[in-house]
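What follows is a single structure, written as structure tokens, with notes after it.
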Amino acid sequence: MSFQSKDGIVREYYDENAEKEWLRLVQDAYHMLEFVVTSHYLDKYLPKGGLILDAGGGPGRYTIYLAKKGYDVVLLDLSPRCLEVARRELKGAGAESRIKDLIEGSVVNLNWFDDRSFDAVLCLGPLSHLIERSERRKAAREIVRVAKMKAPIFASVASRYGVFRAFLQIVPNEILEPSHEELFNLGIHRGHPTPHKGGKGFSTVDAYFFLPSELKELFESNGVKTLEIASCEGLSSRLQQDTNKLYEDKAKWDRWLKLILQTCNDQTIIGMGDHILYVGKKVKSL
Numbered sequence: 010m011s012f013q014s015k016d017g018i019v020r021e022y023y024d025e026n027a028e029k030e031w032l033r034l035v036q037d038a039y040h041m042l043e044f045v046v047t048s049h050y051l052d053k054y055l056p057k058g059g060l061i062l063d064a065g066g067g068p069g070r071y072t073i074y075l076a077k078k079g080y081d082v083v084l085l086d087l088s089p090r091c092l093e094v095a096r097r098e099l100k101g102a103g104a105e106s107r108i109k110d111l112i113e114g115s116v117v118n119l120n121w122f123d124d125r126s127f128d129a130v131l132c133l134g135p136l137s138h139l140i141e142r143s144e145r146r147k148a149a150r151e152i153v154r155v156a157k158m159k160a161p162i163f164a165s166v167a168s169r170y171g172v173f174r175a176f177l178q179i180v181p182n183e184i185l186e187p188s189h190e191e192l193f194n195l196g197i198h199r200g201h202p203t204p205h206k207g208g209k210g211f212s213t214v215d216a217y218f219f220l221p222s223e224l225k226e227l228f229e230s231n232g233v234k235t236l237e238i239a240s241c242e243g244l245s246s247r248l249q250q251d252t253n254k255l256y257e258d259k260a261k262w263d264r265w266l267k268l269i270l271q272t273c274n275d276q277t278i279i280g281m282g283d284h285i286l287y288v289g290k291k292v293k294s295l
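Residue numbers (my numbering): 10 to 295.
See the structure below:
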């Protein structure tokens with residue numbers, strides 16, 4: 010791969026995987042949990058109406074969800090191919106009238122928007138591609154800046170302890186490799202152009218894996234009051250096969266979902282899943 014900016018590498022990855030990203034949250038019961046838990050908290054904390062920014066919303070899975078519930082939405086994403094998929098899916102869902110704009114751009118710079126423009130802001134994923142602390146802080150400031158006072162803010166990130174557990178399940182032989190020391194010590198994975206086991210996988214892009222406490226601090230230091238933090242996979246974390254099997258029995262699955270939603274914000278569970286969801290409310294302008 011020729012030299013590209015970090016944004017360029019991330020953009021290329023999502024351009025090449027836009028269709029896969031569209032299907033990611035519905036590919037099986039285990040991955041559906043991320044959408045179920047996130048939408049549960051959206052329903053709980055969103056205002057009854059208004060304009061919402063889906064910052065880094067990819068091919069628009071949550072944009073469509075919000076539009077069908079009657080919200081006006083602006084979708085911003087780094088990947089032009091993801092935005093193409095979003096346009097197609099929005100049309101198929103009959104949700105086009107609620108979409109105020111689709112913008113190609115980065116969460117680090119939201120200069121398209123004035124201060125206090127949105128009644129709520131979503132940033133579900135992009136912070137996990139910002140390995141520099143200064144970039145994460147800049148993105149958080151931008152997210153908070155464009156939110157109205159008292160607007161809810163939703164951010165989801167990849168979990169550090171979740172990726173440690175994934176190592177044990179998927180590549181235990183790599184635990185001793187020196188190339189992973191930065192990941193285990195600092196939560197930083199630096200993308201490399203030659204992925205493991207062939208193909209252009211997630212290992213080709215930079216990734217930062219959060220602790221719940223630092224996600225909380227990131228937003229609280231920018232004028233946000235924390236409302237809740239949850240694990241997107243909850244009690245099912247890293248139990249893909251068992252979760253998918255349970256899905257075959259509707260009564261058992263419904264009961265399990267209730268247990269997931271009852272417990273996913275428990276402090277003993279939050280950091281162990283694949284993804285962490287943060288919900289806050291803007292209480293101060295910086």
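Built from N, CA and C at the ideal position, the CB exists for glycine as well.
- Collapsing the DSSP output to three states places P89 in a helix.
- For the options L227, R90, D124, I108, the alpha carbon positioned closest to that of L139 is the one of L227.
- Boundaries for Y256: no alpha helix (DSSP H) harbours it, and the DSSP string shows neither H nor E there.
- In this structure the segment 79-86 does not touch the segment 143-158; the number of beta carbon pairs closer than 8 angstroms is below three.
- For the segment 218-256, the continuous beta strand (DSSP E) assignments of 3+ residues that do not extend past its boundaries occur at 233-240, in sequence order.
- In the DSSP assignment, D110 forms a beta bridge with V83.
- Counting the other Cβ atoms within 10 Å of the Cβ of G196 gives 16 or more, which makes it buried.
- Annotated as distal: D24 and P68, with beta-carbon spacing of 8 angstroms or more.
- Going by DSSP, K147 is part of the alpha helix (DSSP H) stretching over 142-154.
- Here the alpha carbon of G282 sits roughly 24 angstroms from the alpha carbon of L55.
- Contact between L224 and I278 does not hold, since their C-beta atoms are separated by about 15 angstroms, which reaches or exceeds 8 angstroms.
- Beyond the five residues adjoining it in sequence on each side, S168 comes within less than 7 angstroms, by CB distance, of F218, F219, G280, G282, D283, H284, I285 in the same chain, given in chain order.
- In the DSSP annotation of this structure, V172 is not part of any beta strand (DSSP E); the continuous alpha helix (DSSP H) holding it starts and ends at 169-179.
- The beta carbon of V35 is closer than 7 angstroms to those of M41 in its chain, skipping five residues each way along the sequence.
- For D124 and D37, the gap between their C-alpha atoms comes out near 39 angstroms.
- DSSP places D283 in the coil class of the three-state scheme, outside both helix and strand.
- A straight-line Cα-Cα distance of about 18 angstroms links L255 and Q271.
- In the three-state reduction of the DSSP assignment, A216 falls in the strand class, which pools E and B.
- When R107, L133, L244 are compared, the shortest CA-CA separation from L51 is found for L133.
- As a beta-bridge residue in DSSP terms, C132 pairs with A164.
- For E28, the closest of Y74, L62, A95 by C-alpha to C-alpha distance is A95.
- For D52, the enclosing alpha helix (DSSP H) starts and ends at 38-54.
- Closest option to R174, judged by alpha-carbon separation, among A104, K290, S245, G59: S245.
- In the three-state DSSP reduction, I269 falls in the helix class (H, G or I).
- The Cβ atoms of L119 and A64 sit closer than 8 angstroms to each other.
- Look at D124 here: in three-state DSSP terms it is coil, with no helix or strand label.
- With a threshold of 16 other beta carbon atoms within 10 Å, E141 falls short and is exposed.
- Boundaries of the alpha helix (DSSP H) harbouring L195: 190-195, taken from the DSSP string.
- Burial state of P187 is exposed, judged by a 10 Å Cβ sphere holding fewer than 16 other Cβ atoms.
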